[in-house]
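What follows is one structure encoded as structure tokens, with my remarks underneath.
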Amino acid sequence: MNMTERIYHQSPLFIQKILIELYGKRMVKRRYNKEFFRILDSIRYRDRWPIDKLKQLQIERLKDNLIRAQQHSIYYRRLFKEVGFEPSELSDLKGIEKLPITTKTSIRENIDQVVNDNYKSHPHLITHTSGTTGAGLIYPESVSCEQEKWAVWWRFRMNRGIGFATWVAFFGGRTIVPINQSKPPYWRTVKATKRHMFSMYHLNKKTLPAYIDKINHEKISWFHGYPSFLSNLASLMLENGLRFEHKVKKVSIGAENLLESHKRLIKEAFGVSPIQHYGLSEPVANISECEYGNMHVDEDYSFVEFIPIQGQKDQYRIVGSSFSNPAMFFLRYDTNDVATITANHKCQCGRESRIVDRVDGRSEDFVTLRNGTKIGRMDHIFKDMINVVEARIVQEKDGFIHFDVVKSSSYQQNDEESLIQEIRSRLDADYFDIRYVDKIERTSSGKLRFVVSEYEGPA
Ligand SMILES: [Zn+2]
460 MNMTERIYHQ SPLFIQKILI ELYGKRMVKR RYNKEFFRIL DSIRYRDRWP
510 IDKLKQLQIE RLKDNLIRAQ QHSIYYRRLF KEVGFEPSEL SDLKGIEKLP
560 ITTKTSIREN IDQVVNDNYK SHPHLITHTS GTTGAGLIYP ESVSCEQEKW
610 AVWWRFRMNR GIGFATWVAF FGGRTIVPIN QSKPPYWRTV KATKRHMFSM
660 YHLNKKTLPA YIDKINHEKI SWFHGYPSFL SNLASLMLEN GLRFEHKVKK
710 VSIGAENLLE SHKRLIKEAF GVSPIQHYGL SEPVANISEC EYGNMHVDED
760 YSFVEFIPIQ GQKDQYRIVG SSFSNPAMFF LRYDTNDVAT ITANHKCQCG
810 RESRIVDRVD GRSEDFVTLR NGTKIGRMDH IFKDMINVVE ARIVQEKDGF
860 IHFDVVKSSS YQQNDEESLI QEIRSRLDAD YFDIRYVDKI ERTSSGKLRF
910 VVSEYEGPA
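So the sequence shown is numbered by the working numbering: it starts at 460 and just counts up by one.
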């Protein structure tokens, strides 16, 4: 918690309301100013450009950024020299493969030399990425980069029927309500951003009716936030037979992977399936679900490469190069996320950009068997387990796997039997157990980390 947050938490409610409104106003002023709407206007229909035109745009933007990196980053200037790469000669996208893939670790260790040597003279902010493994990155981000990122996110929302006038029930990880507060409101309303921000840390069976009353009273039709938080709300609603009195139109999610069990619970309680998009703080990749349910790469935003993972059919690492952050360079940056791609088919929506079957989430979300086999999408084990509130997989140093489960009150013996069956159908191993727990701990930023593994694979 930083100084401002500490002051906020120690203030009486009416001061908190003023502070959070001021914070909202400041954010709107910086993020959604005239320049933002100019950018949004110029990219609004760019995702529908013919693929050749998009590729041309990619080469131009990538080249510009590479030349800037050569001129202003000590790290990249040296790297380009070492591998004999000359950005001004780049004529096709394949040309970038001359550069090695960079990892978050190498960027973090060399951050002083990676950044633009002149970034301080341009408007920028300092961005923190949290990262589910705890290893974050702190880097300068130009204001224009932040605006383009939000423009691409808003394009996705607008394509799916969400506009700037829509109020949102926001379910994020921030502690916006002091943890020792024991009566409503368990939310803060920010007029400037049209957000009702709900606290994830106060939601339980007892406080649930207050949350539902507030949502009903405001007739909020758009929900956005961490899928684990939204599904927790959904599961409590189902268990206690509570529904919203109005129609929920949209649920959008961010920050965590959408697990199958979360999707099912949200659909059941809210009456709509969540719409999906993949993005990250680093401006290297963005993938948006279209009206036909296909996940399209936003080709105009960055240059995304899908690098095959050896021994894993149809699985690719998502590696991306940014166009838009002149303050700091991300070139062939490994996101650590994995996508499944089978065939590239045409989509009815008319967009010609590449399609990804799904983003399987972080490569850390895999368990490794003692024979070396890596298994992802473990959340499918819990897909139909309707009496499981929440779950997590913990793998010990020696490879032993615990399935941590939070049971609902209707959980019975046959649930455990089908869970074991589901596990056995995916893991050819007997070194696992099921542990029943009261709750699943979150990371410091409030995120659910679905797979926690300390096992490094067979020696
Ligand atoms: Zn489509």
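In this text, a Cβ means the ideal position worked out from N, Cα and C, and glycines have one as well.
| said: Three Cβ pairs or more, each shorter than 8 Å: is that satisfied between the region 809-819 and the region 745-755? | reply: The region 809-819 is in contact with the region 745-755.
| said: Would you say the beta carbon of N753 is closer than 7 Å to some non-hydrogen atom of ligand 1? | reply: Walking along the sequence shown from the start, residue 753 turns up at place 294. Yes.
| message | On a Cα-Cα basis, can you pick out the residue from Q880, V574, I679 that is closest to A624? | response | Locating residue 624 in the sequence shown gives position 165, counting from the first residue. Of the candidates Q880, V574, I679, the one whose C-alpha sits nearest the C-alpha of A624 is I679.
| request: May I ask you to check if the CB of R619 is nearer than 7 Å to at least one heavy atom of ligand 1? | output: Counting from one through the sequence shown, the residue named residue 619 turns up at place 160. Flag unset: Cβ of R619 not near ligand 1.
| Helix, strand or coil at F539 [DSSP, three-state] | Here residue 539 corresponds to residue number 80 of the sequence shown, with the count starting at 1. Three-state result, F539: helix.
| field | Euclidean distance between Cα positions of R490 and L481 | value | Numbered from its first residue, the sequence shown carries residue 490 at position 31. Numbered from its first residue, the sequence shown carries residue 481 at position 22. If you take the alpha carbons of R490 and L481, they lie about 14 Å apart.
| request: Given a cut-off of 8 Å, decide if R885 and I560 are closer than it, judged by their beta-carbon atoms. | output: Within the sequence shown, numbered from 1, the residue matching residue 560 stands at position 101. Within the sequence shown, numbered from 1, the residue matching residue 885 stands at position 426. No; because the gap between Cβ atoms is not below 8 Å, this pair is not in contact.
| said: Quick check on DSSP: helix, strand or coil for M486? | reply: Position 27 of the sequence shown, counting from 1, holds the residue named residue 486. The answer is helix: DSSP assigns M486 an H, G or I state.
| request: Tell me S912's beta-bridge partners as DSSP assigns them. | output: Mapped onto the sequence shown, residue 912 falls at position 453. The secondary-structure analysis by DSSP pairs S912 across a beta bridge with Q854.
| query | Exposed or buried, F473, counting other C-beta atoms within 10 Å across all chains shown (16 or more means buried)? | reply | To locate residue 473, count along the sequence shown from 1; it is residue 14. Classification for F473: exposed.
| field | Per-residue burial, V542 [other beta carbons within 10 Å of its own, 16 or more giving buried] | value | Here residue 542 refers to the residue found at position 83 of the sequence shown. Exposed, by the Cβ-count rule.
| How big is the Cα-Cα spacing for P643 and D897? | Within the sequence shown, residue 643 is the residue found at index 184, counting from 1. Within the sequence shown, residue 897 is the residue found at index 438, counting from 1. About 24 Å.
| query | CB I766 to CB Y760, shorter than 8 Å? | reply | Position 307 of the sequence shown, counted from the start, is the residue given in the question as residue 766. Position 301 of the sequence shown, counted from the start, is the residue given in the question as residue 760. Contact: no.
| What did DSSP end up calling P686 once you bin it into helix, strand or coil? | As a working mapping, residue 686 is identified with position 227 in the sequence shown. When DSSP states are grouped into helix, strand and coil, P686 belongs to the helix group.
| Beta-carbon spacing of H655, F629 below 8 Å | For the purposes of this step, residue 655 is taken as the residue at position 196 of the sequence shown. For the purposes of this step, residue 629 is taken as the residue at position 170 of the sequence shown. Taking 8 Å as the Cβ cut-off, H655 and F629 qualify as a contacting pair.
| field | Stretch-stretch touch, CB-based, cutoff 8 Å, three pairs: the region 569-589 with the region 524-544 | value | yes
| field | Nearest-angstrom Cα separation, counted from S687 out to T634 | value | The residue you call residue 634 lines up with position 175 of the sequence shown. The residue you call residue 687 lines up with position 228 of the sequence shown. When rounded, the distance between both Cα atoms is 16 Å.
| For G620, the residue or residues it bridges with in DSSP | Counting from 1 along the sequence shown, the entry for residue 620 is found at position 161. Note: G620 sits in no beta bridge, so no partner.
| query | Got a sec, what are the start and stop residues for the beta strand (DSSP E) S747 sits in? | reply | The residue you call residue 747 lines up with position 288 of the sequence shown. Per DSSP, S747 belongs to the beta strand (DSSP E) from 745-748.
| query | Three-state secondary structure (DSSP) at N795? | reply | Within the sequence shown, the letter at position 336 stands for residue 795. Looking at N795 - three-state DSSP - the assignment turns out to be strand.
| field | E715, DSSP secondary structure in three states | value | By 1-based counting over the sequence shown, the position of residue 715 is 256. Reduced to three states, the DSSP call for E715 is coil.
| I860 versus N716 - alpha carbon distance | Within the sequence shown, numbered from 1, the residue matching residue 860 stands at position 401. Within the sequence shown, numbered from 1, the residue matching residue 716 stands at position 257. Cα-Cα distance, rounded: 21 Å.
| Since P767 sits in a beta bridge, which residues does DSSP pair it with? | On the sequence shown, position 308 is the one that residue 767 refers to. Beta-bridge pairing links P767 to Y775.
| Cβ-based burial, E568 [other Cβ within 10 Å; buried from 16] | Stepping through the sequence shown from its first residue, residue 568 is reached at position 109. Exposed, by the Cβ-count rule.
| message | So the candidates are M659, F841, Y598, P742; which of them puts its Cα closest to the Cα of L724? | response | Position 265 of the sequence shown holds residue 724. Comparing Cα positions, the closest option is F841.
| query | Is there at least one non-hydrogen atom of ligand 1 closer than 7 Å to the beta-carbon of R810? | reply | Along the sequence shown, read from residue 1 onward, the residue named residue 810 stands at position 351. Checking every heavy atom of ligand 1 against the Cβ of R810, one is found closer than 7 Å.
| task | Below 8 Å CB to CB, which residues in the same chain sit around L499 once its five sequence neighbours on both sides are set aside? | result | Taking the sequence shown and counting its residues from 1, the one referred to as residue 499 is at position 40. Around L499: A610, W613, R614.
| said: In chain order, what are the residue ranges of uninterrupted alpha helix (DSSP H) at least 4 long that sit wholly in the region 502-557? | reply: 510-531, 533-542
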